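Enquirer: Here numbering that gives the first Met the number 0 is used: position 234 in the sequence shown is 233, and no number is missing along the way. Think of the CB as a built atom: it goes at the ideal place given N, C-alpha and C, for glycine as much as any other residue. Only a predicted model underlies this, so the values are computations on that prediction, with no experimental measurement involved. My questions all concern the structure below.
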Amino acid sequence: MGGESTMKRVPFDIAALIARVTIGVIFVAHGWQKWQTGLASTTQMFGQAGVPMPQLAASFTTIAETVGGALLIIGLLVRLAALALLVVSIGAIAYVNSWNGIWAVDNGWELTAALAAGALLFLALGGGRFGIDGIINGTFKRRSQARAAEKEIAAHAPAAPAPVPAPTEPAADGTGTGTGTGTGTGTGTDMGTETSAGTGTGAGAGTSAGVGTSAGAGTGAHRATAAHAAADDTATAEQSAVRPEVPKQPAAPPRRGDLDDDDMKAIDALVSDKNQDDSRP
């Protein structure tokens, strides 16, 4: 559809180019003529025709026809140039040509009216694409269309998928090791003395046992600590269990017929003397 619209504009662009160049040349010729005759002569002519402020009007008309006509030819600032030329044409019709009828040969308004109509057409529709304005406008229009197309594509583009979160590693189970040491020592003494009939015997027995257990196991710091404490409690309990209380044996009471200390000393002296006699040669 855009291509069809472009094809329809081609005849207008060609016609606008031809009309611009033709009307532009006519205005440039009139302006150049005024430059050649001088602004003084143009001012005098405008004064005789009753144009207000003839000197300012002469200067404006000369510049507008020369510069405005050239701008129409190259197609630059076409609407601004057309506005200036339309003002000049209306002024010429109102103050100069309207009193002389329609025919140009009698200095009538036919030529001036045709030029004014062309200027009005350019003011309303522009100078077409075959000119500097057309090139500039086409460039901006293409950029605007490209931006609009990008926005349209972006508006209808599918939404980007949500980013997949990175897999998270499972929390590592904490493991801990606990060690427990337990020492148990037990000492027992049993001493008894018995003397009877000149015989003295002494017996002593001692037992010592120590049992220690240590255990530590756990997952994590809390379990290891609990196992350690349990192991210490077990070791302490076992230590207490393997250390029995040994009652002290009372001394045996002396029995009737036993010798007292003096008798024992006498017997020891006799035995000693006898041993000395036996040892002599």
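1. Leaving out five residues before and five after Arg128 in sequence, what residues of the same chain have Cβ atoms less than 8 Å from its Cβ?
2. Does DSSP put Trp34 in a helix, in a strand, or in coil?
3. Report yes or no: do three or more beta-carbon pairs, one from the region 75-84 and one from the region 57-67, lie closer than 8 Å?
4. So, with DSSP's three-state summary, where would you put Arg128?
5. Output the boundary residues of the alpha helix (DSSP H) element that contains Ala156.
6. Given Gly288, which residues of its chain have a CB within under 7 Å of its CB, disregarding the five upstream and five downstream residues?
7. Please identify the residue among Val86, Ile72 and Ala123 whose C-alpha is closest to the C-alpha of Ala112.
8. Do Ala57 and Leu38 have their beta-carbon atoms positioned less than 8 Å apart in this structure?
9. Are any of the Cβ atoms in chain C nearer than 8 Å to that of Ile152?
10. Once the 5 residues before and after Ala69 are set aside, which same chain residues still bring their CB inside 7 Å of it?
11. Compute the beta-carbon to beta-carbon distance between Gly126 and Ala15, rounded to the nearest angstrom, for a pair I have assumed lies under 8 Å.
12. In this structure, does DSSP put Ala220 in helix, strand or coil?
13. Suppose the cutoff is 8 Å on Cβ atoms and the five residues either side in sequence are ignored; what does the same chain contact list for Gly107 look like?
14. Return the residue from the list Asp105, Ala115, Ala147 and Asp262 that minimises the CA-CA distance to Gly90.
15. If Ile131 sits next to Ile73, beta carbons under 8 Å apart, how far is it from one beta carbon to the other, in whole angstroms?
16. If I measure Cβ to Cβ from Glu109 and keep anything under 7 Å in the same chain, skipping five residues before and after, which residues do I get?
17. Considering Ala83, what are the terminal residues of the alpha helix (DSSP H) in which it resides?
18. What residue from Ser271, Pro157, Gln144 and Ala93 has the CA that sits closest to Val50's CA?
19. Please work out which residues of its chain come closer than 6 Å, Cβ to Cβ, to Gln54, disregarding the five sequence neighbours upstream and downstream, and give them in chain order.
20. By the DSSP assignment, the alpha helix (DSSP H) with Pro53 in it spans what residues?
21. Check whether the Cβ atoms of Ala118 and Ser143 lie closer than 8 Å to each other.
22. Using 10 angstroms around the beta-carbon of Leu269, count the other beta-carbons present and answer buried if the total reaches 16, otherwise exposed.
23. In this structure, does DSSP put Trp102 in helix, strand or coil?
24. Run through DSSP, which three-state label would Gly117 get?
Expert: Walking through what the data contain:
1. Taken in chain order, the residues that qualify are Arg8, Asp12, Ile134, Asn136 and Gly137.
2. Correct three-state label for Trp34: helix.
3. Contact between the region 75-84 and the region 57-67 is present: 3 or more CB-CB pairs across the two stretches fall below 8 Å.
4. Three-state DSSP puts Arg128 in coil, outside helix and strand.
5. Element bounds for Ala156: n/a, residue is neither H nor E.
6. Outside the displayed span of the chain (0 to 280) sits residue 288, for which this structure offers no information.
7. The closest CA to that of Ala112, considering only Val86, Ile72 and Ala123, is found on Val86.
8. Annotated as proximal: Leu38 and Ala57, with beta-carbon spacing under 8 Å.
9. The structure shown contains no chain C; it is built from a single protein chain.
10. Closer than 7 Å at the Cβ level, and outside the excluded window around Ala69, lie Gly23 and Val27.
11. By a beta-carbon distance limit of 8 Å, Gly126 contacts Ala15. Their separation comes to about 5 Å.
12. For Ala220, the predicted model reports a pLDDT of 38, less than 50, meaning its position is unreliable and no value from the coordinates is stated.
13. Asn96, Asn99, Gly100 and Ile101.
14. Out of Asp105, Ala115, Ala147 and Asp262, Ala115 has the C-alpha closest to the C-alpha of Gly90.
15. That belief holds up - the Cβ atoms of Ile131 and Ile73 are roughly 6 Å apart, short of 8 Å.
16. A distance below 7 Å between beta-carbons, with the five flanking residues on each side excluded, links Glu109 to the following residues of its chain, in chain order: Ile101, Trp102 and Ala103.
17. Ala83 -> alpha helix (DSSP H) spans Val77 to Ala91.
18. Among Ser271, Pro157, Gln144 and Ala93, the Cα nearest to that of Val50 is on Ala93.
19. Non-local beta-carbon contacts of Gln54 in its own chain, meaning distances under 6 Å to residues more than five positions away in sequence, involve Thr42 in chain order.
20. If you look at Pro53, you'll find it in the alpha helix (DSSP H) that goes Pro53 to Ile73.
21. Inclusion of Ala118 and Ser143 in the CB contact set at 8 Å is not warranted, their separation being larger than that value.
22. With fewer than 16 Cβ atoms within 10 Å of its Cβ, Leu269 is classed as exposed.
23. Here Trp102 sits in coil by DSSP.
24. It is helical.
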